[in-house]
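Asks:
Protein chains in written order, with our numbering: chain A, 1 to 307; chain B, 308 to 708.
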């Protein structure tokens with residue numbers, strides 16, 4: 001078990017209290033995150049063994065959200081590193097504040113020009129520093145968007161929890177941060193990185209869990225409508241679409257319907273709001289006319305069958 | 308060891324190690340560090356439920372989604388009845404081996420061998436071939452020149468060998484793409500960090516202005532090779548070409564992904580990694596099940612678009628489709644898939660061996676459906692067509708379609 005952090009606020013759950021998978025499950029539930037047993041187990045292992053979690057899955061299944069709820073549930077700071085092509089050290093680890101350095105040198109005031117006060121810290125470096133409330137949660141989001149060179153760099157940073165600033169030397173985390181890496185699988189991430197992590201494939205939730213998530217996240221939606229929404233989206237995932245809707249789309253759609261005061265789904269309502277669920281023109285075209293009605297009827301049949 | 312005693316750590320450790328071995332035999336790549344992690348993880352989770360045990364091992368052993376079914380199956384077999392674990396271990400090995408191999412390994416292998424390894428000039432009498440073996444490596448430049456315009460389908464076995472050698476030594480000049488990452492360069496924008504470092508050495512006086520410019524990046528290449536019966540004379544050549552591209556030290560592409568399709572789509576990228584071309588092609592032959600069969604271009608392109616395009620394609624990808632475009636039946640699916648494909652890559656090139664006929668007209672259903680969506684349309688029946696491809700990829704040829 002890792003070190004507990006000092007002075008937790010009353011509603012945070014200190015890490016020392018997380019002694020079983022059930023505790024982690026309860027922590028996630030308290031943050032309105034409905035996780036299955038598998039994800040709770042992986043989260044528990046990550047906290048206990050101090051290993052990064054590697055979450056892979058379709059977009060919009062709650063990968064990023066897990067980092068947010070872990071941070072808020074444990075009362076830790078969340079540091080997010082959004083990956084993109086061409087991500088470099090200057091925007092991921094650190095950068096020197098040249099203007100300030102130059103001025104200090106001109107004024108002859110700084111003996112050490114490579115002092116920490118001239119260092120602009122980026123998420124990876126911040127994660128290696130002690131924070132109030134304990135080691136932070138470091139979210140490395142959508143790692144598949146960066147290139148292989150950055151992966152190789154992460155390999156070093158995540159195995160030793162240490163980054164090096166040439167002018168200052170290595171900076172090592174006194175307490176390893178809780179690291180979550182997410183990937184939408186737009187390309188394969190190298191095995192070497194994945195092997196250092198606890199791997200979890202996040203699948204689309206089943207009907208019951210998706211309904212539970214919808215209820216937990218958007219409590220205002222009427223029960224009958226939320227069942228219809230979930231059943232419809234579940235059906236859509238079985239259709240031949242270019243991009244099946246994720247959980248995030250379900251929640252977005254429910255919010256839209258709530259804002260429009262819809263009480264039940266109808267082909268007209270679906271046609272008006274389908275943009276919240278399907279994001280490709282081909283997919284939307286497929287669901288025009290009688291198709292929407294067919295899927296809706298199938299979804300309604302599912303609800304009746306489930307009761 | 309008659310029962311799986313959870314308190315006797317030694318036994319459990321041993322079983323986890325055996326299990327890791329079983330997984331390796333089933334084709335998963337597992338390092339020793341992962342086995343150590345698994346043991347630690349199991350100790351941390353405890354042994355209250357079998358499902359937790361399953362998830363714990365899965366989190367530590369599996370590193371890619373394709374392996375999930377293999378893991379599930381192996382887990383089921385391995386931990387089904389702990390009382391028989393010892394006997395299982397002995398029984399397991401042949402079982403796993405059979406899991407690993409295709410259901411009918413011999414027939415598939417033979418078919419693949421026939422399709423891949425058998426010489427392609429079947430009309431040639433074998434004795435003549437043997438006589439000419441010595442000449443093979445001594446093809447002069449003018450012979451190669453002549454070879455360039457000759458149809459693969461009409462080549463003798465000896466000419467084919469020469470052509471194969473030529474294909475193996477092919478290098479493509481590839482047009483680089485400008486990336487966002489920057490490097491020191493005399494032409495470029497000011498690099499403040501380097502400027503400052505240089506100035507510091509001279510007491511803050513700026514004497515030099517180092518510059519940096521965006522780095523150039525190699526594009527990615529995706530080859531989609533039709534291996535149906537009508538393409539058999541050309542698919543081997545294309546596979547050799549793919550292997551040559553993949554194994555070249557300076558290959559000009561950052562990543563190369565190769566897929567074959569006849570009745571189903573197969574990703575053969577990993578199989579082409581073997582250094583020896585014949586070995587690589589034999590491996591491919593074992594993996595691919597649909598040699599020389601029928602073809603469903605539309606369906607397979609669609610599968611590619613849905614399952615792979617978001618993983619292997621990007622704004623820096625070139626897609627080369629090698630197919631005769633002879634699609635039977637409905638072509639709307641083909642047309643849609645091709646359109647989607649063109650939208651998700653940088654350049655979509657279609658190599659078609661049928662283009663060798665002077666009077667070729669794109670009227671057949673499949674061809675008419677594909678053609679509006681390709682950026683370049685080139686022949687694929689002789690060595691010269693590889694030159695055309697090279698020109699396409701280097702950005703020299705501006706209009707071909």
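The beta-carbon is built from N, C-alpha and C at its ideal position, and this holds for glycine as well.
Just so you know, these numbers come straight off a predicted model, no measurement behind them.
Run the CB neighbour count on residue 174 of chain A, radius 10 Å, all protein chains shown included, and call it buried at 16 or more, exposed below.
Replies: Residue 174 of chain A comes out exposed.
Asks: Would you identify the three-state DSSP class for residue 199 of chain A, choosing helix, strand or coil?
Replies: In this structure, residue 199 of chain A counts as strand in the three-state DSSP scheme.
Asks: Going by DSSP, name the residue or residues bridged to residue 121 of chain A.
Replies: BP columns for residue 121 of chain A point to A:94.
Asks: Pull out every residue of the stretch 641 to 653 of chain B whose Cβ sits closer than 8 Å to any Cβ of chain A, in chain order.
Replies: Correct list: 643, 647.
Asks: I'd like the span of the alpha helix (DSSP H) that includes residue 673 of chain B, first residue to last.
Replies: Start and end: 672 to 677.
Asks: At what residues does the alpha helix (DSSP H) containing residue 358 of chain B begin and finish?
Replies: Unbroken alpha helix (DSSP H) run through residue 358 of chain B: 357 to 368.
Asks: Can you pull the chain B neighbours of residue 242 of chain A, defined as C-beta to C-beta under 8 Å?
Replies: What residue 242 of chain A touches in chain B: 612, 613, 647.
Asks: What residues of chain B sit near residue 41 of chain A, judged by a beta carbon separation below 8 Å?
Replies: The contacting residues are 352, 359, 362, 363, 366.
Asks: Looking at the secondary structure, which residues open and close the beta strand (DSSP E) in which residue 181 of chain A lies?
Replies: 178 to 183 is the span of the beta strand (DSSP E), which, as asked, contains residue 181 of chain A.
Asks: Going by other Cβ atoms of all chains shown within 10 Å of its Cβ, with 16 needed for buried, is residue 635 of chain B buried or exposed?
Replies: Exposed, since its Cβ has fewer than 16 Cβ neighbours within 10 Å.
Asks: Cβ of residue 186 of chain A within 8 Å of Cβ of residue 144 of chain A?
Replies: In this structure, residue 144 of chain A lies closer than 8 Å to residue 186 of chain A by Cβ.
Asks: Going along chain A, which residues have a C-beta under 8 Å from residue 375 of chain B?
Replies: Chain A residues near residue 375 of chain B: 201.
Asks: In or out: residue 509 of chain B buried (at least 16 other Cβ within 10 Å) or exposed?
Replies: Label assigned to residue 509 of chain B: exposed.
Asks: Note down, one range per segment and in chain order, each alpha helix (DSSP H) of at least 4 residues found wholly within the stretch 123 to 194 of chain A.
Replies: With a minimum length of 4 residues, the continuous alpha helix (DSSP H) runs that stay inside the stretch 123 to 194 of chain A are 123 to 127, 148 to 160.
Asks: Buried or exposed for residue 543 of chain B, going by 16 or more other Cβ atoms inside 10 Å?
Replies: Label assigned to residue 543 of chain B: buried.
Asks: Please check the pair residue 605 of chain B and residue 641 of chain B, which I expect to be a contact at CB under 8 Å, by giving their CB distance rounded to whole angstroms.
Replies: With 8 Å as the limit, residue 605 of chain B and residue 641 of chain B qualify as a contact, their Cβ atoms being about 3 Å apart.
Asks: Does the beta carbon of residue 341 of chain B come closer than 8 Å to any beta carbon on chain A?
Replies: So yes, residue 341 of chain B belongs to the interface.
Asks: Could you tell me the boundaries of the alpha helix (DSSP H) in which residue 625 of chain B lies?
Replies: Taken as a continuous stretch (DSSP letters only), residue 625 of chain B belongs to no alpha helix (DSSP H), being part of the beta strand (DSSP E) at 624 to 629.
Asks: Please tell me whether residue 77 of chain A and residue 71 of chain A are closer than 8 Å, where the distance is taken between their beta carbons.
Replies: In contact: residue 77 of chain A and residue 71 of chain A (Cβ atoms closer than 8 Å).
Asks: Looking at the structure shown, is residue 720 of chain B part of a helix, part of a strand, or coil, going by DSSP?
Replies: No statement about residue 720 of chain B is possible, as the shown extent of chain B runs from 308 to 708 and does not include it.
Asks: For residue 603 of chain B, which residues in chain A fall below 8 Å Cβ to Cβ?
Replies: The contacting residues do not exist; residue 603 of chain B stays about 15 Å from chain A at best.
Asks: In chain order, what residues of the same chain lie with their CB nearer than 7 Å to the CB of residue 158 of chain A, ignoring the 5 residues before and after it?
Replies: Excluding positions up to five away in sequence, the list reads 52, 179, 196.
Asks: Is the Cβ of residue 106 of chain A closer than 8 Å to any Cβ of chain B?
Replies: Chain B, which has a Cβ nearer than 8 Å to the Cβ of residue 106 of chain A, makes this yes.
Asks: List, from N- to C-terminal side, the beta strand (DSSP E) runs of 3 residues or more that fit wholly inside the stretch 493 to 544 of chain B.
Replies: Runs of the beta strand (DSSP E) inside the stretch 493 to 544 of chain B: 518 to 524, 527 to 533.
Asks: What residue ranges within the stretch 254 to 299 of chain A form continuous beta strand (DSSP E) runs of no fewer than 3 residues, ordered along the chain?
Replies: Those beta strand (DSSP E) runs which fall completely within the stretch 254 to 299 of chain A and span 3+ residues do not exist here.
Asks: With 8 Å as the threshold, decide whether the Cβ of residue 499 of chain B is near any Cβ in chain A.
Replies: Yes - at least one Cβ of chain A is within 8 Å of the one on residue 499 of chain B.
Asks: In or out: residue 564 of chain B buried (at least 16 other Cβ within 10 Å) or exposed?
Replies: It is buried - the Cβ of residue 564 of chain B has at least 16 other Cβ atoms within 10 Å.
Asks: Decide yes or no for the touch test of the stretch 355 to 367 of chain B against the stretch 191 to 208 of chain A: beta carbon pairs closer than 8 Å, at least 3 of them.
Replies: Enough Cβ pairs lie closer than 8 Å, so yes.
Asks: Rounded to whole angstroms, what's the CA-CA distance from residue 679 of chain B to residue 38 of chain A? Just pull it up for me.
Replies: Whole-angstrom Cα-Cα distance: 47 Å.
Asks: How big is the Cα-Cα spacing for residue 273 of chain A and residue 121 of chain A?
Replies: Spanning the two alpha carbons is a distance of roughly 43 Å.
Asks: Measuring alpha carbon to alpha carbon, tell me which residue in B:483, B:608, B:571 is nearest residue 600 of chain B.
Replies: It is B:571.
Asks: Among residues of its own chain, excluding the 5 on either side of residue 675 of chain B, which ones have a beta-carbon nearer than 7 Å to its beta-carbon?
Replies: Once the five neighbours on either side are set aside, the close Cβ partners of residue 675 of chain B are 669.
Asks: Compare the C-beta of residue 64 of chain A with all C-beta atoms of chain B and state if any pair is closer than 8 Å.
Replies: With 8 Å as the cut-off, residue 64 of chain A does not count as an interface residue toward chain B.
Asks: Three-state secondary structure (DSSP) at residue 635 of chain B?
Replies: Three-state result, residue 635 of chain B: coil.
Asks: Can you give me the start and stop residues for the beta strand (DSSP E) that residue 28 of chain A sits inside?
Replies: Where residue 28 of chain A is concerned, there is no enclosing beta strand (DSSP E), although the alpha helix (DSSP H) it sits in stretches over 21 to 30.
Asks: If you pair each beta-carbon of the stretch 218 to 226 of chain A with each one of the stretch 280 to 293 of chain A, do three or more pairs fall below 8 Å?
Replies: With the cut-off at 8 Å, the stretch 218 to 226 of chain A and the stretch 280 to 293 of chain A do not touch.
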